[in-house]
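Asks: Here it is: the structure, laid out below.
In structure tokens form, the structure reads like this:
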């Protein structure tokens, strides 16, 4: 595919303004916004979403710039040791174009869903590669990121390691895997996650079944009321908290008698896990962290 | 006694007269606006001195090689969009206040913003795959539909009274807002978020594409607005007087409303709800050059452009590095002004 | 004919218990239906034979009953506040939402959280009352400035203007504090879901006082509605009546906003509907408004729970969809300039 695209481009005479930097000769990547010529092995990468950040770091590239999900909250904590010195270029919603330009990147990664409106500006700063969307398509996105970063071999290794770990996990799980429920507490909002999400695909890979209300090809039940607490039940409950804890619905739900009635809660099998890892991360490094949690709480717990 | 300048463009069968102060006021406003633009373009992550700004805009190589990109790709189109949006909103507001004879009328009060917001969010929910490039069209359509409904429903006994226009507009705004909330509940969460940010009244990351999409509307409807100035003067005296002056009142009013909605809709479609500009600018202009619309419309236009350009500058500078949407800055200035207007218009 | 029988004192008196029974029916519906499927038998058993290990019983007792009661009280408060405002200002478009009182209370709450970091929902109430009171005074003042005193139009436009002003200020505060005010943002949509029963019980006395004051003013407001000169001619001390009525509005609307967030249009629609069968006498309009307002909000809340099940819509949205067309209808066909 890359070869074909490169050949096409050579035939056309190689148009397009693709900033400097990088090493080696340029390649052409096909992505959600068309074709873009990128350096052989980009070194100064700016990522504009948490999934792209995870991908880059998974592939051994420390970005020069990244965005925060929420103003002032920093990067996902599970990536802490890799994000030292990564310049903050604003929030996902409004990246600061000037700061990105000042970093003189040689590749920008994001998605059409997030930043279609500023694609033109971004691609004038540096070659910009978009995936269509984020979240549930994280594995395909990773392929695109790997191609754009020129690190397909590393990517293959990451994927096969992940699959091997998952195989091991499923074997250790045995014949009767527990039903896993996933709940997220946000400020003023409670969500019950279903299958069409990052965490939904990871749990599916792990061979973990979901309770009936969550075994649905959809993203999540948003903004559920306390009446929906019974739907949060399962053999094991994993819950995460997004944002400042006392602003979220955590206390309202978990202090409710209905919550305390849930079998998993009574048996001490409701675990609070990292929101950064389970919800925000979206990538192979995050997925491996989730497997760590699953091993700890399900295999050993 | 006010003095007038009569303008007769050679070869055209029109003439109009301007208050004697109009040219001077316009010149002063233009200078302030230009200064605001230069400051705005110079301010940011990369501070650029005013002379370098001017040089870069004029295409003369200045200082750092990056200036060209920062100025010409990021900051200049943004500041021009801010200006154009301000112009459009101000003229729309001037027309609306003229038609309704109500100094408190503003495009947002007759439901233009709410209609635009509803249409944009609906588009995202109904057709999730559609490109954000179509949002402005949806917003424009929504503004137009709501404004048309407001006008039609206000129609009674051969006319749409200004009072009913405002009241029906309030009702439609409430309904559109409620429907928007429902749509948000249905929508794909990230996409809806994107639409809401875009509608929040900001010129963040607006580029040449947005500017060129907006310009045809201005090019078409600003001259029409100016041409309607005399009718506005007549309507301002009341329907009966306007009719006795030989005006076909309803037809005039309808065509002026079309101009008003086109301008306001195009502005909202480009930058979301930038509140109170359509309200403030005509008032400031009236204070400067009096109520005659030949002078009022251009002065209001320049005032509106100036307000949004300065609001954007303040919004970027005040809480740096957090960027406050310029719509909030205009609201923060506009709201107290509005109260003052309410007080002043007590003899309405 | 039917209407005439209704409007006789006899019919109206009989109608009150009928209304109370109907309201009871609505409350039953509200307790019966919700996001979770619970059979009627289970719901009844939740009252007769409560078992604190039964999920269904817990849902009924801890979620649905409080929610239905809060909805009923908020609806009654808003409707009575609207009726008083309409009677007092002789403005058919008056409503705590339209005249900006809800928006004022909401801004006060958000500003309270922003400036003083009030964390406990209990303090919301104080700010809501304050905001409602200040707004009521400002709207009334702005609406009565100038020649000809207060007109419906001036009042409505002043209310709309203040609503626009307050909403944009509220938005500004929310944007500056995106992280910390999400909870308030949800509250702002106007909802009776998951409201704190404790908070509500603390608000109840204020709303109760407001309701008693309002109901006892029925005769005076009827007279005042004929015109201030006539009322004064009949020996009424209009200043006192107005002050007491305003106090009732602030207690009722402020309490309702603190309990459920800004919910518009209840106070607009209900008094008009009530007038159709209760006539122009506020001694009847006020109690009927209380009953019908409670019914409207309870039923709307049931609908808000069922249309998108298991997700819920804020009840304020449901009411706006109903109320805004009614407002347009009034503005178009009923208001003379």
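Residue numbers (my numbering), protein chains in the order written: chain A, 1 to 301; chain B, 1001 to 1348; chain C, 2001 to 2337. Built from N, CA and C at the ideal position, the CB exists for glycine as well. In this text the structure is predicted, and so the values were computed from the model without any measurement.
Measure from the C-beta of residue 2351/C to each C-beta in chain A and report whether the shortest distance is under 8 Å.
Replies: Since the displayed chain C opens at 2001 and closes at 2337, residue 2351/C lies outside it and no answer follows.
Asks: Residue 1326/B to residue 1203/B, Cα distance in whole Å?
Replies: Distance between the alpha carbons of residue 1326/B and residue 1203/B: 7 Å.
Asks: Apply the 10 Å Cβ neighbour rule to residue 1128/B and answer buried if 16 or more other Cβ atoms are within range, or exposed otherwise.
Replies: Classification for residue 1128/B: exposed.
Asks: Would you mind listing the beta strand (DSSP E) stretches within the segment 155 to 236 of chain A that are 3+ residues and don't spill past its ends, in chain order?
Replies: Here the runs fully enclosed are 180 to 186 and 189 to 193.
Asks: Quick one: using the 10 Å Cβ neighbour count with 16 as the cut-off for buried, is residue 1136/B buried or exposed?
Replies: Buried, by the Cβ-count rule.
Asks: Residue 109/A by DSSP, collapsed to three states: which one?
Replies: It is a strand residue.
Asks: Mind checking who residue 1005/B pairs with in its DSSP beta bridge?
Replies: Note: residue 1005/B sits in a beta bridge opposite 1018/B.
Asks: If we define contact as Cβ-Cβ less than 8 Å, is residue 279/A a contact residue for chain C?
Replies: Residue 279/A does not count as touching chain C.
Asks: Per DSSP, what kind of secondary structure is residue 1106/B in: helix, strand or coil?
Replies: Here residue 1106/B sits in coil by DSSP.
Asks: Under a three-way DSSP split, which group does residue 2127/C fall into?
Replies: If DSSP states are grouped into helix, strand and coil, residue 2127/C belongs with the helices.
Asks: Any contact between the segment 115 to 127 of chain A and the segment 58 to 72 of chain A? By contact I mean 3 or more CB pairs, one from each, below 8 Å.
Replies: With a cut-off of 8 Å, the segment 58 to 72 of chain A and the segment 115 to 127 of chain A do not count as touching, because too few Cβ pairs lie within range.
Asks: I'd like to know if residue 2305/C contacts chain B, where contact means its C-beta is closer than 8 Å to some C-beta of that chain.
Replies: No, because no Cβ of chain B sits closer than 8 Å to the Cβ of residue 2305/C.
Asks: Quick check on residue 1338/B - is its C-beta less than 8 Å from some C-beta in chain C?
Replies: Cβ-Cβ to chain C under 8 Å: yes for residue 1338/B.
Asks: Is it true that the CB of residue 48/A sits closer than 8 Å to the CB of residue 103/A?
Replies: Not closer than 8 Å, so no.
Asks: Could you give the C-beta distance for residue 981/B and residue 1200/B, rounded to a whole number, given that I count them as a contact under 8 Å?
Replies: As shown, chain B starts at 1001 and ends at 1348. That puts residue 981/B outside it, with no answer to give.
Asks: Consult DSSP for residue 2320/C and reduce its assignment to one of helix, strand or coil.
Replies: Here residue 2320/C sits in helix by DSSP.
Asks: Which residues in chain C have a C-beta closer than 9 Å to the C-beta of residue 1148/B? List them in chain order.
Replies: Simply none; closest approach about 14 Å.
Asks: Could you pull the start and end residues of the beta strand (DSSP E) that residue 1133/B belongs to?
Replies: Where residue 1133/B is concerned, there is no enclosing beta strand (DSSP E), given that its DSSP letter is neither H nor E.
Asks: Give me the residue from 1220/B, 1036/B, 1121/B and 1337/B with the minimum Cα distance to residue 1091/B.
Replies: Answer by Cα proximity: 1220/B.
Asks: Who are the neighbours of residue 286/A on chain B, taking C-beta pairs under 8 Å?
Replies: Neighbours of residue 286/A on chain B: none; closest Cβ ~18 Å, over 8 Å.
Asks: Say whether chain A places a C-beta atom closer than 8 Å to the C-beta of residue 2034/C.
Replies: Answer yes: the Cβ-Cβ gap between residue 2034/C and chain A drops below 8 Å somewhere.
Asks: In whole angstroms, what separates the C-alpha of residue 2201/C from that of residue 1318/B?
Replies: Roughly 43 Å separates the two Cα atoms.
Asks: Give the straight-line distance between the Cα atoms of residue 1165/B and residue 1172/B, rounded to the nearest whole angstrom.
Replies: For residue 1165/B and residue 1172/B, the distance between alpha carbons rounds to 10 Å.
Asks: Please tell me whether residue 2259/C has its Cβ less than 8 Å away from any Cβ of chain B.
Replies: Residue 2259/C does not count as touching chain B.
Asks: Does the ligand FMN have a heavy atom nearer than 7 Å to the CB of residue 1165/B?
Replies: The ligand FMN is absent from the structure shown, which contains no ligand whatsoever.
Asks: Using beta-carbon positions only, say whether residue 1281/B and residue 1217/B come within less than 8 Å of one another.
Replies: No, Cβ-Cβ distance for residue 1281/B and residue 1217/B is not below 8 Å.
Asks: Please check the pair residue 2261/C and residue 2106/C, which I expect to be a contact at CB under 8 Å, by giving their CB distance rounded to whole angstroms.
Replies: At roughly 7 Å, the Cβ-Cβ gap stays under 8 Å, so residue 2261/C and residue 2106/C are in contact.
Asks: Do the CB positions of residue 275/A and residue 297/A come within less than 8 Å of each other?
Replies: No, the Cβ-Cβ distance between residue 275/A and residue 297/A is not below 8 Å.
Asks: Our contact map puts residue 2217/C next to residue 2255/C with C-beta atoms below 8 Å; I'd like the distance itself, whole angstroms only.
Replies: Actually they are not in contact, since the Cβ atoms of residue 2217/C and residue 2255/C sit about 17 Å apart, beyond 8 Å.
Asks: Could you check the C-alpha separation between residue 1029/B and residue 1284/B for me, to the nearest Å?
Replies: So the two alpha carbons sit approximately 11 Å from each other.
Asks: With the cut-off set at 8 Å, would you say residue 2249/C and residue 2081/C are in Cβ contact?
Replies: It is a contact, given that the beta carbons lie within the stated cut-off.
Asks: In this structure, what does DSSP give as the bridge partners for residue 270/A?
Replies: Note: residue 270/A sits in a beta bridge opposite 237/A.
Asks: Determine the closest residue to residue 2029/C out of 2295/C, 2313/C, 2325/C and 2323/C, with distance taken between C-alpha atoms.
Replies: Nearest C-alpha to residue 2029/C: 2295/C.
Asks: Could you pull out every unbroken alpha helix (DSSP H) segment of at least 4 residues lying fully inside the segment 2062 to 2139 of chain C, listed in chain order?
Replies: If we require 4 residues or more, the alpha helix (DSSP H) runs fully inside the segment 2062 to 2139 of chain C come out as 2065 to 2089 and 2101 to 2116.
Asks: Touching or not, the segment 1296 to 1307 of chain B and the segment 1118 to 1127 of chain B, by the rule of three or more beta carbon pairs under 8 Å?
Replies: Too few Cβ pairs lie closer than 8 Å, so no.
Asks: In three-state terms, what does DSSP make of residue 151/A?
Replies: Correct three-state label for residue 151/A: coil.
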